[in-house]
Each structure stands twice: as C-alpha cells, then as structure tokens.
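Everything below concerns the one structure shown next.
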Amino acid sequence: MGAEIRWIGPRCLKIRAKNVNPSKMNFDLVSRLRSSVLLMGALIGRRGLPAQAGVSFKIAKPGGCQLGTRILDPHLDGFSRLGVRIKKDDGFYEIDAKGLKGGEIVMSEFSVTATENLVLAAVSAPGRTVIKCAAAEPYVQDLCHFLKKMGAKIEGIGTHTLVIEGKKLRGASHMIIPDPIEMGTFISLAGASKSELTVKNVVPQFIELELLKFKEAGLNFKILNKRVLPAGWGYQIGDLKVSGPFKIKAVKKVHNMPYPGFAADSIPTFALLMTQAKGVSLIHDWMYEARLKYVDELQRLGANAFVCDPHRALITGPTALEGKEITSFDLRTGATLILAGLIAKGETIINNAYQVDRGYERIEERLQKIGANIKRVSL
C-alpha cells in the first residue's frame, strides 16, 4: 500500500506510512490473515485527519484460524457509532469514513481485536469517544501506550472503559511486550515433559490466573532476575524457572475469561498438560465452537479425553502418548500438538504445521536449543 518498512536491527523495524494508499491493498493476503481486520481501524483513523477526510476504501474480509463462527459485528457496530458507513459486498467491505467523529460505544463482547480496531479509529476521530466493555488484555494496553507516545489522549488503560480524545498523531519508538500466550505454552511444555526449564522474559502480571492454575496443578516455579524495562510502560519482567519434583495433578476446571482471566489461547496447551496430570479435568472454552478439534488429535496419540459438546472436554490422566501422524487445524492446535509430539513415545508427524508460524517465531529452532528432536520437512 506504499508504506516504507526496513529492518534497522535484528529485531527492530522502522516504518513510515505517510503515503499509504488503500487502493493498492493486496486482497489475497488480507483474506488469509485474521489480524488484517485491524487495517480497518488504522485506515479509518487516517480518514479522520483533515487533509484526508472523505476518502473511502475497500477491504477484503479477513481470514485466520477456523475456530467456528467469528463474526465482525462488534467491530462494525462500533465503527457505525463513530459515524463510519460500511457496506458488505461479496467478500469485501466498502468503508466510507468521511463522517468519522467521536461517540459512545458499548461493546457486545470483550473482544481484544474489536477494541484495538475501535481505538485505532477513535484516536484520530474529532471529539470524545467512550468505549465501554472494552477488552483490557496486555495487547490492548500495549497498543494504547504506543498510541499515547504518538500523541493520542487515552484514559482508562487496563480497565474496561476507555476514554479517548481525538488528536493528530506523530511518529514514536516502542518496544513490543513479550507474548503472554508463548509464556503459557512453554510453561505447559516444562510441566508436561517434566523438564527443568527457564522461560525468559515472562511478565507475571500478564498471566496471573494462568500462574495460579499452574500452581494448582503442582508445578514448582519461581521468578528470577525481576526488572522493569526502561523501554516498557512499567510492567515487571523476569525469568520463570520451572523445577521438580514433577507431581502433576488435575485441575478440576479450566475456562477462559476476559483479562485478567485465563486466556482462551492458552487453554489448548494447558489441556495438553492435563493429559499428564493425575485425575480428571474439565476444559471449557465457551468462545469457539470448533476449537476442541485438537482433542481428537490428542486422542489419536493415546490421550484419555472425551468431548462433551462443542465447548467442553473431559481429560483423565496421566496417560502415555504415542507418536502418530496427526493434523494441525489452527495456530493453537499446532502448538499443542508440537508439545504432544515432544512428550510422545516414537515419531510424530504433524501436517499443516505452517499455521504455528503465525504465533510462534522459529519455534522448531528454539525447541532444538533446549534439546528437542524436531525438524521441519516438506512431504
């Protein structure tokens, strides 16, 4: 679309988006990624600038993991409250943001992506915007703190009500937070494989309930090297060391909740941990009716698991897993099956493993560094 993007270090990008042109959008790429939906808010926000007011654009419907029905109503309803007109047309959305202005939004669900989308639009919308029932996940907080560095006026960060005054933005530098889902994934791996493992760059306040559940499951861990990063926004970071003895016991029930509750994306890897725990665990993911497909694949490896309905599964452990050929249906299923393969006896082949790349950087290389026998192949 015309943005200038270049690497200025191993993990540092410089982006200049002054001359972005939505008419150059690659619809094929947009339709493959769920996160591409955030282009809506970002581009709507640019329409809020006086020099570009009245410009419309077209965007393909986003793709992503097939977890069941994933409606965009919270996004679209929120945009309409800000004076934006959106027309659905055969796999596309036609967006007219010339009427963009501040408004009051009561969200129908605590959606992380919808909250981010509405914030991106509201920071440049003339007037005052109030977003109620906003998601408060670390990703939303991180975005808001970044936008504040760019000149945005946002109050209520970390709460479920955001108050935003539209302002003209400027460039800024920012360090992205460590991923809370990765934290949970590698802690689950340590417990399931009964391995002493140090997970670096963990932010305890981002995964408070998850850590309580790990303790309930009998994991022993402590946070070392606690510090506050100068480039962050006040959160404490540390290195989490998991150590024995590993007497894993079942957690009676785990269900996802809005932050600071248990993250939905951390449930599948925690379910894998429960296959190695003594007792029966109820896994309840009320958000996605197609998420539990990973349980079928764990059953193929020998897990004692029963899917009660599209949202609930019972897991009885501990059970030894045996390697088989299995299939990843989405990002978090892929990560869960990789963990399962690492603790299973024999060889495990995971088809469609490419989906994991959307959420984990060079996962096989990082696992190899801690002794995992894993490689990526083309079959």
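Here the sequence shown stands for residues 1 to 379, where the numbers follow the UniProt record's numbering. For glycine and all other residues, C-beta sits at the position ideal for the given N, C-alpha and C. Since we're looking at a predicted model, the values are computed, not measured.
| task | Could you spell out the range, first to last residue, of the alpha helix (DSSP H) harbouring C12? | result | No alpha helix (DSSP H) holds C12; the beta strand (DSSP E) holding it covers 12–16.
| Burial state of A231 (16 or more Cβ within 10 Å) | exposed
| field | K168 (DSSP reduced to helix, strand or coil) | value | coil
| Mind checking D28: buried by the 16 CB within 10 Å criterion, or exposed? | exposed
| message | Under DSSP, the alpha helix (DSSP H) around K253 begins and ends at which residues? | response | Premise fails: K253 lies in the beta strand (DSSP E), 253–255, not in any alpha helix (DSSP H).
| query | Rounded C-beta distance between D132 and I105? I'm assuming under 8 Å. | reply | Before going further, note that residue 132 is Lys rather than Asp in the sequence given. Yes, K132 and I105 are in contact; Cβ-Cβ is about 7 Å, under 8 Å.
| With 16 other Cβ atoms within 10 Å as the buried cut-off, status of L224 | exposed
| field | From A263, L211, I350, V123, residue whose alpha carbon lies closest to that of R170 | value | V123
| query | Quick one: Cα of Q205 to Cα of Q236, how far? | reply | 8 Å
| Classification of S193 by the beta-carbon crowding that lies within 10 angstroms, buried from 16 upward | buried
| said: So if DSSP puts T333 in a beta bridge, which residue, or which two residues, is it bridged to? | reply: BP columns for T333 are empty, so no partner.
| request: Going by CA-CA distance only, name the one from I315, D73, L100, Y93 that's closest to G83. | output: L100
| request: Determine the burial state of P10: buried for a count of at least 16 other Cβ atoms within 10 Å of its Cβ, exposed for fewer. | output: exposed
| said: I'd like the list of long-range same chain contacts for Q141, defined as Cβ closer than 7 Å, with 5 residues on each side in sequence excluded. | reply: I157, G158
| query | Hey, how far is the Cα of G102 from the Cα of K153? | reply | 13 Å
| field | Same chain only: Cβ atoms within 8 Å of V356, ignoring 5 sequence neighbours per side | value | S328, L331, G334, A335, I338, I363
| task | Look up C144 in the DSSP assignment and say whether it is helix, strand or coil. | result | helix
| CA-CA distance, P268 and K324? | 19 Å
| field | Helix, strand or coil at Q276 according to DSSP, with G and I counted as helix | value | coil
| task | Go through its chain and collect everything with a Cβ distance to L143's Cβ below 6 Å, but skip five positions before and after it. | result | E116
| query | What number of angstroms, rounded off, separates the C-alpha of L342 from the C-alpha of L301? | reply | 12 Å
| Spatial distance of L39 from A97 (CA atoms) | 13 Å
| request: Starting from the N-terminal side, write out each stretch of the beta strand (DSSP E) that is 3 residues or longer and does not extend beyond the stretch 86–163. | output: 92–96, 104–106, 128–132, 153–155
| field | Rounded Cβ spacing between P310 and L292 (contact assumed at less than 8 Å) | value | 7 Å
| request: Output the residue ranges of the alpha helix (DSSP H) runs that lie fully inside the stretch 176–226 and measure 4 residues or longer, sorted by chain position. | output: 180–193, 208–216
| V377 versus M183: straight-line alpha-carbon distance, rounded | 26 Å
| said: Rounded to whole angstroms, what is the Cα-Cα separation between V254 and E289? | reply: 16 Å
| field | From A250, V251, D265, residue whose alpha carbon lies closest to that of residue 451 | value | Outside the shown range of the chain (1 to 379) lies residue 451, about which nothing can therefore be said.
| query | By how many angstroms is the C-alpha of E155 removed from the C-alpha of F146? | reply | 13 Å
| Measuring CA to CA, which of E216, G63, M1, I350 is closest to I15? | M1
| Any idea what DSSP makes of T364, helix, strand or coil? | According to the sequence shown, residue 364 is Glu rather than Thr. If DSSP states are grouped into helix, strand and coil, E364 belongs with the helices.
| task | Give the straight-line distance between the Cα atoms of V295 and N304, rounded to the nearest whole angstrom. | result | 10 Å
| field | Where the beta strand (DSSP E) containing A305 begins and where it ends | value | 304–309
| said: Assuming contact is defined by CB atoms lying nearer than 8 Å, are E210 and F262 in contact in what I supplied? | reply: yes
| Between I177 and V199, is the Cβ-Cβ spacing less than 8 Å? | no
| said: Rounded to the nearest angstrom, what separates V30 and F246 at their Cα positions? | reply: 44 Å
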